[in-house]
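Novice: Below is one structure. I have some questions about it.
There are 2 protein chains.
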Amino acid sequence: MTQTSDTTSYKDIKQTVLQRIRSGEWQPDALLPNEQELAVEFSCTRTTVNRALRELADEGFLERRRKAGTRVLSAPQRQARFTIPLVRDEIEAAGGTYRYALVSQETQTAPDWLTARLALRVDQRVMHVRCMHFSTNTPFQFEDRWIVIDSVPQVEQADFSSIGPNDWLVQTVPFTNVELTFLASRADATLAGFLDVSEGEPVFTAERITWLQGQPVTFAKMYFAAGYRMSTEF
Amino acid sequence: MTQTSDTTSYKDIKQTVLQRIRSGEWQPDALLPNEQELAVEFSCTRTTVNRALRELADEGFLERRRKAGTRVLSAPQRQARFTIPLVRDEIEAAGGTYRYALVSQETQTAPDWLTARLALRVDQRVMHVRCMHFSTNTPFQFEDRWIVIDSVPQVEQADFSSIGPNDWLVQTVPFTNVELTFLASRADATLAGFLDVSEGEPVFTAERITWLQGQPVTFAKMYFAAGYRMSTEF
DNA sequence: CAGTGGTCTAGACCACATG
DNA sequence: ATGTGGTCTAGACCACTGT
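One line per chain: the protein sequences are S and E, in this order. Counting with full-length UniProt numbering, you get residues 1 to 234 for the letters of the first sequence. Counting with full-length UniProt numbering, you get residues 1 to 234 for the letters of the second sequence.
Encoded structure:
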C-alpha cells in the first residue's frame with residue numbers, strides 16, 4: 001500500500017512492528033518471533049526482516065541479543081537526536097538576518113582551569129576568542145572560545161574579525177569528536193551587557209569540547225540570549 | 001585486522017572512509033567514487049559498501065543522492081544523541097540513593113496556557129501532579145506535570161504517593177511521540193524552596209510533551225537542582 | 001536518457017550467548 | 001550443543017534525478 005508495488009519492504013515491517021507494540025499486542029519485555037518466522041509471516045527474506053528489526057533496535061524500541069532473541073524494551077530508551085545547527089543557519093531558519101562581530105582575539109597561556117579541563121600540558125598556549133552572534137541586530141549568542149595552538153597551529157595566522165571561529169574550525173579541522181553539555185548559568189555584569197539582559201538573569205549555556213584523534217582542539221562556551229529554547233522531537 | 005577473519009566488513013569501510021575525511025584526502029564537498037568502484041577497491045560487494053555509506057550518511061558525515069552520488073558534507077551535520085534517562089537511573093548511576101516524594105495530586109480543568117500548548121478542547125480536565133526526586137536526600141529534581149484525563153482515563157484511579165507519574169505512564173502508555181525542550185529558567189520562591197537554592201537562581205529546566213498517536217498525553221516541566229549538566233558525546 | 005543509490009532475494013557462514 | 005542474530009555474496013530490478 002505504501003509504494004507502487006506490493007512487495008513487503010523493511011519500512012512496512014517497521015510500521016507493523018511499531019503498531020503491534022503500540023496496540024499492546026507485543027507488551028514490554030515480550031519476546032518477538034525470530035527473524036526466520038517473521039520472514040515467513042511477511043513473505044520476505046530474513047535479510048529484510050533483519051534490517052527492519054535492526055533499525056528499530058537502533059532507534060531504541062527493541063533489544064536484540066544472539067540466541068536470546070528480540071524483545072520489546074520495557075523502558076523504551078528513546079533517544080533524542082539534537083542536530084546542533086550552526087548559529088548562522090539557526091538564525092536564518094528563524095527568519096532573522098545573521099550578523100557576526102568579533103569582541104577580542106589574543107593568544108595566551110592556558111588558564112589553569114582550562115589546562116585541567118582539556119588535560120593540557122602546563123603552560124600550553126591557546127588562542128582566546130570572544131565574539132557575538134546577532135539576529136537582525138538583536139543579541140543572540142555570546143561565544144567564549146579557546147583553541148589549542150599545538151593542535152591547530154594555523155590558528156596563529158587566523159583572523160577572526162570577519163569569520164567566526166567555529167566556521168573557521170569547521171573548514172580547517174575536518175573531523176572531530178565532540179563532548180556537548182547544556183546547563184543554566186547566571187549572567188555576570190559582562191555577559192549581561194553583551195546579551196542585553198539584567199545581571200543575575202538565567203542564561204541557557206552550551207559547552208562544547210572538541211577533540212581530533214585524542215588531541216584537544218577547542219573549548220567553547222556559548223551563552224544564549226533570554227528566552228532561548230533548545231528543542232527536539234522523537 | 002579488526003576481526004579474526006580477513007574479509008572486508010562494512011565497519012572497516014566506515015573506518016577507512018572516516019580516515020580519508022579526517023586526513024583531508026576527501027575534502028568537504030568532494031564527490032566519492034560510486035558504490036561499484038568502491039566495491040572493487042575494497043574487494044567486496046556493492047551491498048557492503050552501501051551499508052557503510054548509508055550509515056555514515058545517517059550519522060551526518062555524508063550526503064547521498066541518486067544520480068548525483070555521495071559527497072562529504074561541508075558542514076558535518078553531527079547529531080547529538082541524548083539518551084534521556086529515567087530520573088531514578090540517572091541518580092543511581094551517579095551513586096546516589098533515589099527517593100521519591102509526592103507533593104500534590106489533584107484533578108482540575110486545564111489552565112488556559114496548557115489548553116493552548118497541547119491543543120486541548122476548552123474545559124478539558126487534567127490531573128495535576130507535583131513531586132520531588134531526591135538523590136540521597138538532596139533535592140535533585142522538581143517535577144510539575146499535567147496528564148490529560150481523556151487520553152489516559154485510568155489516571156483518575158492512579159495513586160502517585162509511592163510511584164512517580166513518569167514511571168506510571170511508562171507502564172501504562174507503551175509508546176509515544178515526544179517533544180523535548182531544554183531551557184534556563186529562574187527560581188521563584190516556591191521552586192527555590194523545593195530545590196534548596198536562592199530565589200532568582202538559574203535553574204536548568206526540561207519540558208516534555210508526550211503524544212500518543214496524535215493525542216496529547218502529558219506535559220511535564222522538570223526543574224533540576226543547582227549545578228545540573230546534561231551531557232553527551234558524539 | 002542514463003547514472004547513481006535504494007532495496008530485495010536466496011543462500012551461506014559465522015559469532016555469540018544461553019541452556 | 002544449539003538457536004539466534006550479524007554479516008557477506010552475487011545478482012537483480014527499480015526509483016529518482018541531473019544532464
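Don't be surprised by glycine CBs; every beta carbon is placed ideally from N, CA and C.
Okay, do the segment 209 to 225 of chain E and the segment 153 to 162 of chain S touch, 3+ Cβ pairs below 8 Å being the bar?
Specialist: The segment 209 to 225 of chain E is not in contact with the segment 153 to 162 of chain S.
Novice: Check whether the Cβ of leucine 195/S lies closer than 8 Å to any Cβ atom in chain E.
Specialist: Taking the first sequence and counting its residues from 1, one reaches residue 195/S at position 195. So, not an interface residue.
Novice: For residue 236/S, count the other beta carbons within 10 Å of its own beta carbon; 16 or more makes it buried, fewer makes it exposed. Which is it?
Specialist: With chain S covering 1 to 234 only, the question about residue 236/S has no answer from this structure.
Novice: If we call anything under 8 Å between Cβ atoms a contact, is tyrosine 228/S one with leucine 191/S?
Specialist: Translated into positions along the first sequence, residue 228/S becomes position 228. Translated into positions along the first sequence, residue 191/S becomes position 191. No, they are not a contact pair.
Novice: For alanine 94/S, would you say it is in contact with chain E, using Cβ-to-Cβ distances shorter than 8 Å as the test?
Specialist: Sequence index remark: in the first sequence, residue 94/S carries index 94 (1-based). Chain E contact via Cβ: absent.
Novice: Which stretch, first to last residue, makes up the beta strand (DSSP E) that contains phenylalanine 82/E?
Specialist: Position 82 of the second sequence, counted from the first residue, corresponds to residue 82/E. Segment 79 to 83, the beta strand (DSSP E) holding phenylalanine 82/E.
Novice: Mapping the DSSP letters down to three states, classify phenylalanine 61/S as helix, strand or coil.
Specialist: Taking the first sequence and counting its residues from 1, the one referred to as residue 61/S is at position 61. Residue state, collapsed to three classes: coil.
Novice: Opposite valine 103/S in the DSSP bridges: which residues?
Specialist: For this step, residue 103/S is matched to residue 103 along the first sequence. Looking at the DSSP assignment, valine 103/S forms no beta bridge with any residue, so it has no partner.
Novice: Kindly indicate the opening and closing residues of the alpha helix (DSSP H) around isoleucine 21/E.
Specialist: Taking the second sequence and counting its residues from 1, the one referred to as residue 21/E is at position 21. Looking at the DSSP string, the run of the alpha helix (DSSP H) that includes isoleucine 21/E is 10 to 23.
Novice: Could you name the residues of chain S that proline 28/E contacts, counting a contact when the two beta carbons are closer than 9 Å?
Specialist: Against the second sequence, residue 28/E aligns to sequence position 28. The contacting residues are Val170, Gln171, Pro174.
Novice: How big is the Cα-Cα spacing for glycine 200/S and alanine 187/S?
Specialist: Sequence index remark: in the first sequence, residue 200/S carries index 200 (1-based). Sequence index remark: in the first sequence, residue 187/S carries index 187 (1-based). Approximately 5 Å between the Cα atoms of the pair.
Novice: Could you work out which residues of chain S lie near phenylalanine 204/E, taking near to mean beta carbons separated by less than 8 Å?
Specialist: Locating residue 204/E in the second sequence gives position 204, where the first residue counts as 1. Chain S residues near phenylalanine 204/E: Phe182, Leu183, Ala184.
Novice: When DSSP labels each residue in this structure, what does threonine 181/S get in the three-state scheme?
Specialist: Taking the first sequence and counting its residues from 1, one reaches residue 181/S at position 181. In this structure, threonine 181/S counts as strand in the three-state DSSP scheme.
Novice: I need the DSSP call for arginine 121/S, collapsed to helix, strand or coil.
Specialist: In the first sequence, the residue the question calls residue 121/S occupies position 121. Three-state result, arginine 121/S: coil.
Novice: Cβ closer than 9 Å: which chain S residues qualify as neighbours of glycine 214/E?
Specialist: Locating residue 214/E in the second sequence gives position 214, where the first residue counts as 1. None at all; the shortest Cβ gap to chain S is about 12 Å.
Novice: Can you tell which of Arg145/E, Thr138/E, Ser161/E has its C-alpha closest to the C-alpha of valine 197/E?
Specialist: The sequence position of residue 197/E within the second sequence is 197, counting from 1. Here the closest residue by C-alpha is Thr138/E.
Novice: If you reduce the DSSP assignment to three classes, tell me which class threonine 138/E lands in.
Specialist: Along the second sequence, read from residue 1 onward, the residue named residue 138/E stands at position 138. Strand.
Novice: Rounding to the nearest angstrom, what Cα-Cα distance links residue 235/S and lysine 67/S in this structure?
Specialist: Here chain S has residues from 1 to 234 only, and residue 235/S is not among them.
Novice: Go ahead and pull the three-state DSSP assignment for tryptophan 26/S.
Specialist: Working through the first sequence from its first residue, we reach residue 26/S at position 26. Residue state, collapsed to three classes: coil.
Novice: Enumerate in chain order the residues of its own chain whose CB-to-CB distance from serine 9/E is below 6 Å, with the five nearest sequence positions on each side excluded.
Specialist: Taking the first residue of the second sequence as position 1, residue 9/E is located at position 9. Contacts found: none.
Novice: Could you name the residues that DSSP lists as bridge partners for valine 129/S?
Specialist: Here the question's residue 129/S lines up with position 129 in the first sequence. Answer is Gln105/S, Arg145/S.
Novice: Determine the chain S residues that contact glutamate 233/E at a beta-carbon separation under 8 Å, and present them in chain order.
Specialist: Working through the second sequence from its first residue, we reach residue 233/E at position 233. Here the neighbours are Asn177, Val178, Glu179, Leu180.
Novice: List, in order along the chain, the chain S residues whose C-beta lies closer than 8 Å to that of isoleucine 84/E?
Specialist: In the second sequence, residue 84/E corresponds to position 84, counting from 1. Within chain S, the residues near isoleucine 84/E are Arg78, Gln79, Ala80.
Novice: Taking the beta carbon of tryptophan 113/E as the centre, do at least 16 other beta carbons fall within 10 Å, making it buried, or is it exposed?
Specialist: As a working note, residue 113/E is residue 113 in the second sequence. Exposed.
Novice: I'd like the span of the alpha helix (DSSP H) that includes valine 170/S, first residue to last.
Specialist: Counting from one through the first sequence, the residue named residue 170/S turns up at place 170. Unbroken alpha helix (DSSP H) run through valine 170/S: 165 to 172.
Novice: Let's test the definition: count the other Cβ atoms within 10 Å of the Cβ of asparagine 166/E and tell me whether it reaches 16, buried, or not, exposed.
Specialist: The residue given as residue 166/E occupies position 166 in the second sequence. Classification of asparagine 166/E: buried, given that the 10 Å Cβ count is 16 or more.
Novice: Could you give the distance in angstroms between the alpha-carbon of arginine 71/E and the alpha-carbon of valine 173/S?
Specialist: The count along the second sequence starts at 1 and reaches residue 71/E at position 71. The count along the first sequence starts at 1 and reaches residue 173/S at position 173. Rounded to the nearest angstrom, the two C-alpha atoms are 17 Å apart.
Novice: Could you tell me if aspartate 89/E is buried or exposed, where buried requires 16 or more neighbouring beta carbons within 10 angstroms of its beta carbon?
Specialist: Residue 89/E sits at position 89 when you count from the first residue of the second sequence. Its Cβ having fewer than 16 others within 10 Å, aspartate 89/E is exposed.
Novice: Please report how far the alpha carbon of alanine 206/S lies from the alpha carbon of alanine 189/S, in whole angstroms.
Specialist: Along the first sequence, one-based indexing puts residue 206/S at 206. Along the first sequence, one-based indexing puts residue 189/S at 189. When rounded, the distance between both Cα atoms is 19 Å.
Novice: CB-CB under 6 Å to valine 129/S, same chain, minus the five flanking residues each way: which ones, in chain order?
Specialist: Numbered from its first residue, the first sequence carries residue 129/S at position 129. If we look at valine 129/S and ignore the five residues flanking it on each side, its Cβ neighbours are Gln105, Arg145, Phe160, Pro165.
Novice: Given this structure, state the Cα-to-Cα distance separating glutamine 3/S from arginine 81/S, to the nearest angstrom.
Specialist: In the first sequence, counting from the first residue as 1, residue 3/S sits at position 3. In the first sequence, counting from the first residue as 1, residue 81/S sits at position 81. Caution is warranted here: a pLDDT of 38 is assigned to glutamine 3/S, below 50, making its placement in the model unreliable, and the coordinate value is therefore given only provisionally. Their backbone Cα atoms lie some 28 Å apart in a straight line.
Novice: To the nearest angstrom, how far is it from the Cα of phenylalanine 61/S to the Cα of glutamate 25/S?
Specialist: Your numbering for residue 61/S matches position 61 in the first sequence. Your numbering for residue 25/S matches position 25 in the first sequence. Looking at the two C-alpha atoms, the distance is approximately 15 Å.
Novice: Is there a Cβ from chain S that is less than 8 Å from the Cβ of leucine 18/E?
Specialist: Sequence index remark: in the second sequence, residue 18/E carries index 18 (1-based). Closer than 8 Å: yes.
Novice: DSSP on proline 33/S, reduced to helix/strand/coil?
Specialist: Residue numbering aside, residue 33/S sits at position 33 when the first sequence is read from its first letter. Three-state result, proline 33/S: coil.
Novice: Can you tell me whether arginine 71/S is helix, strand or coil according to DSSP?
Specialist: As a position in the first sequence, residue 71/S is number 71, starting the count at 1. The answer is strand: DSSP assigns arginine 71/S an E or B state.
Novice: For isoleucine 209/E, which residues does DSSP report across the bridge?
Specialist: Position 209 of the second sequence, counted from the start, is the residue given in the question as residue 209/E. According to DSSP, isoleucine 209/E bridges with Glu179/E, Phe219/E.
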